[in-house]
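A.B. asks: Line by line, the protein sequences give chains A and B.
Those letters in the first sequence? Residues 446 to 665, by my numbering.
Those letters in the second sequence? Residues 324 to 504, by my numbering.
Where is the CB? At the ideal position from N, CA and C, for every residue including glycine.
Just so you know, these numbers come straight off a predicted model, no measurement behind them.
Sharing a structure with you now.
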Amino acid sequence: MTRRRLSAIVDAIAAGRRPKRFRADPDDAEVVRTAIALRAARPGEAGPTEAFVEDLFQRLSEQANPPTSAELRPVPARRLRVALVAAASAAVLVAGTVVATEKLGTSATAPSATAQVPHGTVLRTGTFQTTRGRVLGQIVAYRGHPSWVFMNVDVPNYEGRIECMLQVDDGTTVAFGTFTIHNGVGQFSRAIGAVNVSRLRGAELVNPAGSAVAAATFAA
Amino acid sequence: MVSGGDVPYLHVVDDDAYGDWESVYRDNVDRLYRLMYARVGNRADAEELTSEVFTTALRPLRLSSSKGEVRAYLLLTAKTVLASHWRRRLGQPVTAIDPETDLAYLTQPPGSEPPSDAPARAARILEALPERYRRILELRFLEACSIKEAAHTMQITVSNAKVLQHRALRMAASLDLELAP
């Protein structure tokens with residue numbers, strides 16, 4: 446680890462923030478361990494907050510006794526997006542399996558997907574790939590109130606800003622937004638007002654130099 | 324007196340067992356959190372890891388087990404959760420939980436502060452450092468000063484404070500190894 450990165454981790458520990466991910470060597474680990482030991486000795490901060498204890502209790506209660514439909518609470522937007530991405534990923538996998546199965550010609554029965562994914566153009570997914578076909582992430586567009594687009598990407602050795610461009614079926618391209626990738630990992634979500642989700646054709650990720658990093662095509 | 328046919332179904336309540344999962348949670352959440360906090364040094368990670376331990380451990384938990392067995396099981400789960408946390412975060416086992424030596428965290432009587440070796444350990448390390456190294460670490464880690472504030476207090480530049488902190492931590496780390504019981 447470079448001295449600057451180690452210093453950033455130490456600063457985070459001193460300030461009581463969670464340190465970012467890095468590859469540490471054993472010597473760095475010793476320094477981080479000592480920094481944690483010193484930070485943990487600061488008086489008055491070792492115990493949990495009441496809010497945390499009660500919030501976790503509520504979550505465990507729900508795990509132990511799943512709520513009935515009448516008791517369902519609205520899911521926070523971020524969790525909803527993650528859940529939808531997971532469901533969409535499952536659907537993509539199911540679809541891929543179906544294609545493979547049909548090509549093999551081993552089954553004449555109609556496949557059935559079990560993932561609870563909305564039909565039609567309510568939820569549309571695409572996979573970010575490089576020009577060489579390497580998968581770098583996913584994009585999900587959701588039509589609702591509001592409609593939004595969510596993406597997560599894993600671009601090895603990439604650090605910095607990246608811009609997402611949305612492609613519409615009339616051939617136009619819309620600059621959708623810019624986000625930061627740290628340690629090769631990043632995610633971004635934003636509501637889209639004027640763009641009709643059903644008219645999206647694909648998306649492209651572009652680095653600050655204007656070069657395409659990856660592109661995705663939305664499934665119909 | 325209860326007649327033979329009306330004997331209610333009673334079961335022995337073992338003082339050394341938990342009656343339900345809520346008792347397991349209430350009795351251990353504070354202590355387990357403190358242990359995690361001592362191992363990660365920040366609230367966000369301590370909360371996340373404590374949550375992970377309980378969500379992982381409570382479902383398969385057998386309430387017929389003794390309190391000691393339940394605590395040992397929680398500690399084993401905590402050990403695994405913490406190990407995976409460091410593997411993901413820094414790729415190194417920075418800190419660890421030892422189910423034997425750390426059991427004291429979960430077995431203190433109700434109402435008493437769980438033991439923490441953090442203050443004594445920090446004191447041992449700081450006492451063994453040269454004055455300026457000790458001061459920069461005290462300011463930064465115990466007195467909650469920013470690097471700028473620490474530099475101002477010590478009447479040095481921010482760059483010098485960063486260098487001093489780096490060297491002090493390196494020396495403290497080597498001392499921590501030497502002074503470890």
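1) Under a three-way DSSP split, which group does B:N483 fall into?
2) May I have a chain-ordered list of the beta strand (DSSP E) segments no shorter than 3 residues that lie completely inside the stretch 597–665 of chain A?
3) Does the stretch 625–642 of chain A touch the stretch 579–596 of chain A, meaning 3 or more C-beta pairs lie closer than 8 Å?
4) Compare the C-beta of B:N351 with all C-beta atoms of chain A and state if any pair is closer than 8 Å.
5) The alpha helix (DSSP H) that contains B:V393, what's its start and end?
6) Go through the stretch 415–479 of chain B residue by residue and report every complete run of the alpha helix (DSSP H) that reaches 4 residues or more, in order.
7) Looking at the secondary structure, which residues open and close the alpha helix (DSSP H) in which A:A496 lies?
8) At what residues does the beta strand (DSSP E) containing A:Y587 begin and finish?
9) On the criterion of 16 or more Cβ atoms from any shown chain inside 10 Å, does A:Q612 qualify as buried, or is it exposed?
10) When the Cα atoms are used, what is the spatial distance from B:V352 to A:I607?
11) Is the separation between the beta-carbon of B:V417 and that of A:R478 shorter than 8 Å?
12) Give a yes or no on whether the C-beta atoms belonging to B:L426 and B:L397 are separated by under 8 Å.
13) Cβ closer than 7 Å: which chain A residues qualify as neighbours of B:P442?
14) Between A:G616, A:R588, A:T572, which lies nearest to A:L650 when the distance is taken from Cα to Cα?
15) Which residues, in chain order, does the stretch 397–414 of chain B contribute to contact with chain A at a C-beta distance below 9 Å?
16) Nearest to A:S656 by alpha carbon, out of A:E490, A:T575, A:Q583, A:V598?
17) Quick one: does A:V663 have its CB under 8 Å from some CB of chain B?
18) Using the Cα positions of A:P680 and A:L581, report the straight-line distance between them to the nearest angstrom.
19) Measure the C-alpha to C-alpha separation of A:D473 and B:R490 and round it to an integer number of angstroms.
20) Give the single residue among B:A473, B:E345, B:E454 whose Cα lies nearest to the Cα of B:V393.
21) Quick check on DSSP: helix, strand or coil for B:T373?
22) Please name the residue in A:G631, A:T662, A:T623 whose C-alpha comes closest to that of A:D614.
23) Between A:P601 and A:G629, what straight-line distance do the alpha-carbon atoms span, to the nearest angstrom?
24) Would you say A:G461 faces chain B, with C-beta separation under 8 Å as the test?
25) Apart from the five residues on each side of it in sequence, which residues of its chain come closer than 6 Å, Cβ to Cβ, to B:A451?
26) Taking Cβ positions only, does B:R490 come closer than 8 Å to chain A?
27) Compute the beta-carbon to beta-carbon distance between A:I584 and A:G605, rounded to the nearest angstrom, for a pair I have assumed lies under 8 Å.
28) Nearest chain B C-beta to A:V476 closer than 8 Å, yes or no?
29) Counting only C-beta atoms, is A:T447 closer than 8 Å to chain B at any point?
C.D. replies: Walking through what the data contain:
1) Taken through DSSP and simplified to helix, strand or coil, B:N483 comes out as helix.
2) 605–613, 618–626, 630–636, 645–651, 657–662
3) By the C-beta criterion, the stretch 579–596 of chain A is judged to be in contact with the stretch 625–642 of chain A, since at least 3 inter-stretch pairs fall below 8 Å.
4) no
5) 390–412
6) 426–430, 441–450, 454–460, 470–477
7) 495–509
8) 580–587
9) buried
10) 41 Å
11) yes
12) no
13) The answer, in chain order, is A486.
14) Closest in alpha carbon position to A:L650, among A:G616, A:R588, A:T572, is A:T572.
15) W409, R411, R412, L413, G414
16) A:T575
17) The sequence shown places Phe at residue 663 of chain A, rather than the Val named in the question. Answer no: the Cβ-Cβ gap between A:F663 and chain B never drops below 8 Å.
18) Chain A is shown only over 446 to 665; residue 680 of chain A falls outside these bounds and no answer can be derived.
19) 12 Å
20) B:E345
21) Correct three-state label for B:T373: helix.
22) A:T662
23) Near 5 Å, if we compare the C-alpha coordinates of A:G629 and A:P601.
24) A:G461 counts as touching chain B.
25) L498
26) No - not a single Cβ of chain A is within 8 Å of the one on B:R490.
27) Actually they do not touch by this definition, with Cβ atoms about 20 Å apart.
28) Taking Cβ atoms only, chain B reaches closer than 8 Å to A:V476, which makes this a yes.
29) no
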